[in-house]
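Participant: What follows is a structure written as structure tokens; I'll ask about it next.
Residue numbers (the UniProt record's numbering): 1 to 372.
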């Protein structure tokens, strides 16, 4: 009994110290997180804005409207690939774009063996593009008027090959508010942003395909989406391919220039994360190690707190502070969401387990297509 008590005490201390250190690291990380470079100068280079869309009639209207309002962009093209939609996605685009020659719709072809739907769509889009910069946008992203120009200017001013302005994540339902803030929290807490930007190490890679800008030549050197054609997390893998080919890239704070509501309900959210979490940590042992680590840091201290442990209370408070400071910077819901961080971590663990089960059984799907 004493041995078990000692082991539990050690876990509580380890969790509290670990949570505190990661919170301190998040403060440092946020001080290094780039904001978009916003200038009144007109962007003169040609920019291709590329949108893969499959059954996005309910989302894409707001996206296209925001793209048509872009400022400081003198030479841009908007290409939307309708990936065999059956909900009238192209009709919505035509209705909004009207006679705008800057908007072009292309029809996606059947994906070849070995490709996933999104990577094949992005590959077709880049083949149709003519810009020196490729900006991939998801159909559920809405941009501020300066967004494209500011992103490309940041890419050039920072002398990078790829940048991902992380949009503000809109979360309305309980499930969204518990899970969605973990997107920014994960890399803001664990990734060494000050090093990652100028590092060729593939492990120091965070990206977001919701809004991704890449220099066309760097994209081609990296092999484009063909190099990541079977990747579920194609955004992160594309950045790694860019690094392998000698380039550099990073995430930046896109909170003020873009918003995105990825999912409208728990069913969509669960399916969206289940399709990809199995690959997020590299392997099954990697996933197990990551989940155990998260449980010790963010579940053990609050459990101990309810048994009267002061150390557990300190660990829980450290986790709350870390979650809160990131939420404030990224404009995520703050209260009571930060206090409920242990529930967020528990949901992440549950979704990861479900993702691995689906992967092993070969049942993972997304938008009606198999991912196996």
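Note that beta-carbon positions come from the ideal geometry of N, C-alpha and C, so glycine has one too.
How is residue 229 classed by DSSP in three states: helix, strand or coil?
Facilitator: Residue mapping note: residue 229 aligns to position 229 of the chain shown, counting from 1. Residue state, collapsed to three classes: coil.
Participant: Can you tell me whether residue 130 is helix, strand or coil according to DSSP?
Facilitator: Counted from its first residue, the chain shown places residue 130 at position 130. Three-state DSSP puts residue 130 in coil, outside helix and strand.
Participant: With burial defined as no fewer than 16 other Cβ atoms inside 10 Å of the residue's Cβ, what is the status of residue 198: buried or exposed?
Facilitator: Stepping through the chain shown from its first residue, residue 198 is reached at position 198. By the 10 Å Cβ count, residue 198 comes out exposed.
Participant: Under a three-way DSSP split, which group does residue 223 fall into?
Facilitator: Working through the chain shown from its first residue, we reach residue 223 at position 223. Coil.
Participant: Please state whether DSSP places residue 215 in a helix, a strand or coil.
Facilitator: Reading the chain shown from its first residue, position 215 is the one you call residue 215. If DSSP states are grouped into helix, strand and coil, residue 215 belongs with the strands.
Participant: So, helix, strand or coil for residue 107, using DSSP?
Facilitator: To locate residue 107, count along the chain shown from 1; it is residue 107. Residue 107: strand per DSSP, three-state reduction.
Participant: Do you know how far the Cα of residue 38 is from the Cα of residue 218?
Facilitator: Here the question's residue 218 lines up with position 218 in the chain shown. Here the question's residue 38 lines up with position 38 in the chain shown. Taking the straight line joining both Cα atoms gives about 23 Å.
Participant: Considering only residues of the same chain and omitting the five flanking positions on each side of residue 160, which have a CB-CB separation below 6 Å?
Facilitator: Locating residue 160 in the chain shown gives position 160, counting from the first residue. The residues are 248, 249.
Participant: Assign residue 230 to one of two classes, buried (16 or more other C-beta atoms within 10 Å of its C-beta) or exposed (fewer than that).
Facilitator: Within the chain shown, numbered from 1, the residue matching residue 230 stands at position 230. Its Cβ having fewer than 16 others within 10 Å, residue 230 is exposed.
Participant: Would residue 66 and residue 42 be called neighbours here (beta carbons separated by less than 8 Å)?
Facilitator: The sequence position of residue 66 within the chain shown is 66, counting from 1. The sequence position of residue 42 within the chain shown is 42, counting from 1. Cβ distance not < 8 Å, so residue 66 and residue 42 don't count as in contact.
Participant: What are the residues that DSSP puts in a beta bridge with residue 82?
Facilitator: To locate residue 82, count along the chain shown from 1; it is residue 82. For residue 82, which the question treats as bridged, DSSP gives the partners 53, 107.
Participant: Considering only their Cβ atoms, is the gap separating residue 158 from residue 72 smaller than 8 Å?
Facilitator: Sequence index remark: in the chain shown, residue 72 carries index 72 (1-based). Sequence index remark: in the chain shown, residue 158 carries index 158 (1-based). No; because the gap between Cβ atoms is not below 8 Å, this pair is not in contact.
Participant: Looking only at C-alpha atoms, which of 298, 327, 331, 334 sits nearest to residue 319?
Facilitator: For the purposes of this step, residue 319 is identified with residue 319 of the chain shown, where counting begins at 1. Among 298, 327, 331, 334, the Cα nearest to that of residue 319 is on 298.
Participant: List the residues that DSSP assigns as beta-bridge partners of residue 366.
Facilitator: For this step, residue 366 is matched to residue 366 along the chain shown. Answer is 369, bridged to residue 366.
Participant: Please classify residue 222 as buried or exposed, where buried requires at least 16 other C-beta atoms within 10 Å of its C-beta.
Facilitator: Taking the first residue of the chain shown as 1, we reach residue 222 at position 222. Classification for residue 222: buried.
Participant: Helix, strand or coil: which one does DSSP assign to residue 136?
Facilitator: Here residue 136 refers to the residue found at position 136 when the chain shown is read from its first residue. Residue 136 falls in the strand class under three-state DSSP.
Participant: Bridge partners for residue 165 per DSSP, in chain order?
Facilitator: Mapped onto the chain shown, residue 165 falls at position 165. DSSP lists 252 as partners of residue 165.
Participant: Mark residue 92 as exposed unless 16 or more other C-beta atoms lie within 10 angstroms of its C-beta, in which case mark it buried.
Facilitator: Here residue 92 refers to the residue found at position 92 when the chain shown is read from its first residue. Its Cβ being crowded by 16 or more others within 10 Å, residue 92 is buried.
Participant: Taking the Cβ atom as the reference point for each residue, do residue 36 and residue 252 lie within a distance shorter than 8 Å?
Facilitator: Within the chain shown, numbered from 1, the residue matching residue 36 stands at position 36. Within the chain shown, numbered from 1, the residue matching residue 252 stands at position 252. Their beta carbons are under 8 Å apart, which means residue 36 touches residue 252 by this criterion.
Participant: To the nearest angstrom, how far is the alpha carbon of residue 180 from that of residue 7?
Facilitator: The sequence position of residue 180 within the chain shown is 180, counting from 1. The sequence position of residue 7 within the chain shown is 7, counting from 1. Near 33 Å, if we compare the C-alpha coordinates of residue 7 and residue 180.
Participant: Jot down the residue ranges of each uninterrupted alpha helix (DSSP H) in the region 237 to 309, minimum 4 residues, whole runs only, in chain order.
Facilitator: 266 to 274, 284 to 298, 300 to 305
Participant: Helix, strand or coil: which one does DSSP assign to residue 39?
Facilitator: Position 39 of the chain shown, counted from the start, is the residue given in the question as residue 39. Three-state DSSP puts residue 39 in coil, outside helix and strand.
Participant: Could you give the DSSP three-state label for residue 116: helix, strand or coil?
Facilitator: The count along the chain shown starts at 1 and reaches residue 116 at position 116. In the structure shown, residue 116 sits in coil (DSSP, three-state: anything other than H, G, I, E or B).
Participant: Using a Cβ-Cβ cutoff of less than 7 Å, which residues in the same chain neighbour residue 226 once the five nearest sequence positions on both sides are dropped?
Facilitator: For this step, residue 226 is matched to residue 226 along the chain shown. Excluding residues within five positions, the ones whose Cβ falls inside 7 Å are 123.
Participant: Which whole-angstrom value is the C-beta distance of residue 257 and residue 144, which I expect to be below 8 Å?
Facilitator: For the purposes of this step, residue 257 is identified with residue 257 of the chain shown, where counting begins at 1. For the purposes of this step, residue 144 is identified with residue 144 of the chain shown, where counting begins at 1. So it is a contact: roughly 5 Å between Cβ atoms.
Participant: Determine the burial state of residue 241: buried for a count of at least 16 other Cβ atoms within 10 Å of its Cβ, exposed for fewer.
Facilitator: Residue mapping note: residue 241 aligns to position 241 of the chain shown, counting from 1. The residue is buried, with at least 16 neighbouring Cβ atoms inside 10 Å.
Participant: By alpha-carbon positions, which one of 79, 141, 12 ends up nearest to residue 128?
Facilitator: Taking the chain shown and counting its residues from 1, the one referred to as residue 128 is at position 128. Out of 79, 141, 12, 79 has the C-alpha closest to the C-alpha of residue 128.
Participant: So the candidates are 236, 292, 363; which of them puts its Cα closest to the Cα of residue 271?
Facilitator: As a position in the chain shown, residue 271 is number 271, starting the count at 1. Of 236, 292, 363, the residue nearest in Cα terms is 363.
Participant: May I have the straight-line CA-CA distance separating residue 288 from residue 279, to the nearest angstrom?
Facilitator: Within the chain shown, the letter at position 288 stands for residue 288. Within the chain shown, the letter at position 279 stands for residue 279. Cα to Cα, residue 288 sits roughly 12 Å from residue 279.
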